[in-house]
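The structure appears right after this line, and notes come after that.
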Amino acid sequence: GENHGFTNARWICSLQAYRRRRWIFFRRELYKTFFLNAPAGQDHFKQSTTRLYFLADRVVETTSDMFKRPRKMVQEISGLGLRHVGYGIPTEMFGPYVSAAVDTVAAISTDDNALAGFRWSLTLVAKILVRAVGEGATLVMRAINTNQELAMRKALAIAPRGQRAMELLNISVGTQSISPLFWAIQSGALHSARAMIVDLLTIRADRDVYYYGCDELFTRHPDIIHRLCKDAPTLLWTLLDGLLWRSRLTFQAQRRVNYYVKHLVQD
6 GENHGFTNAR
16 WICSLQAYRR
26 RRWIFFRREL
36 YKTFFLNAPA
46 GQDHFKQSTT
56 RLYFLADRVV
66 ETTSDMFKRP
76 RKMVQEISGL
86 GLRHVGYGIP
96 TEMFGPYVSA
106 AVDTVAAIST
116 DDNALAGFRW
126 SLTLVAKILV
136 RAVGEGATLV
146 MRAINTNQEL
156 AMRKALAIAP
166 RGQRAMELLN
176 ISVGTQSISP
186 LFWAIQSGAL
196 HSARAMIVDL
206 LTIRADRDVY
216 YYGCDELFTR
226 HPDIIHRLCK
236 DAPTLLWTLL
246 DGLLWRSRLT
256 FQAQRRVNYY
266 VKHLVQD
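So the sequence shown is numbered by our numbering: it starts at 6 and just counts up by one.
Now the structure itself:
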């Protein structure tokens, strides 16, 4: 492992030393080979050439960092895997991408140890990503990718009352976590985000307990009002309306209403 790490780092240094030849060749041939092996990958790599070259650079840097800081890199890669769930990239793309990177390196390196180290490190990175995506690909995250309220309601229909809030507010892989609600807002899936807020702020009950996700929402995201004002102001009405409870009974032409505003009152 240490020998491969040293050799891999030395190979990267030599790659950088010949940036105008080897490095540019690696960037270009990586995607040429990948798209040849997996044509469907073109549907997921629609960014600019500059962005694709940046991702190629990160691939090389990550393989070296896995030898230098393995614990930290496992955490970072797990977080990256969770974000890939939100991007909707299928895990079937990871294998051809790794193969394309290894084949490209083999075409420009004569150092067998460096190639073995690169292959081992990148394969490990891909396995971590696949695991993170597999554990993070909940029905809720898949529904966010469709941005349809009906799909979100169907995804939540099978969730137990006591777990619905956490299904919407937290997904964890190892020490990394992501908020499906904030991801929906950040990615512009506002139809899904609206359905999520409505579900969180719906009062449910069984024989012994009432379930209302208001406290869980503001505990997980104390800045939810600020985030909505900044990124999704159209959802503010949905949130504020959910902080009201209206009695179904009337007395003297009046209806009782509860306002759940304790989280909005600050010093």
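Every residue, glycine too, gets a C-beta built ideally from N, C-alpha and C.
Keep in mind the model is a prediction, meaning the values are calculated, not measured.
My guess is that residue i and residue j are in contact by the Cβ rule of under 8 Å, so how many angstroms apart are they, rounded?
i           : j           : result
residue 32  : residue 113 : Actually they are not in contact, since the Cβ atoms of residue 32 and residue 113 sit about 11 Å apart, beyond 8 Å.
residue 146 : residue 173 : Rounded, the Cβ-Cβ distance is 10 Å, inconsistent with contact.
residue 176 : residue 143 : 6 Å
residue 96  : residue 139 : 7 Å
residue 68  : residue 123 : 5 Å
residue 197 : residue 157 : 5 Å
Could you compute how far the alpha carbon of residue i sits from the alpha carbon of residue j?
i           : j           : result
residue 53  : residue 243 : 36 Å
residue 250 : residue 259 : 14 Å
residue 252 : residue 216 : 17 Å
residue 126 : residue 234 : 43 Å
residue 80  : residue 44  : 30 Å
residue 237 : residue 149 : 15 Å
residue 87  : residue 71  : 19 Å
residue 165 : residue 208 : 14 Å
For chain B, check one thing: does any of its Cβ atoms lie closer than 8 Å to the Cβ of residue i?
i           : result
residue 201 : In the structure shown, chain B does not exist; there is a single protein chain.
Put residue i into one of helix, strand or coil per three-state DSSP.
i           : result
residue 210 : strand
residue 55  : helix
residue 217 : coil
residue 116 : coil
residue 232 : helix
residue 104 : helix
residue 75  : helix
residue 89  : helix
Name, in chain order, the residues that DSSP records as bridge partners for residue i.
i           : result
residue 250 : 263
residue 177 : 182
residue 256 : 259
One question on the structure: do residue i and residue j come within less than 8 Å of each other, judged by their Cβ atoms?
i           : j           : result
residue 131 : residue 103 : yes
residue 105 : residue 35  : yes
residue 192 : residue 225 : no
residue 206 : residue 141 : no
residue 302 : residue 50  : The structure shown has nothing for residue 302, since the chain only spans 6 to 272.
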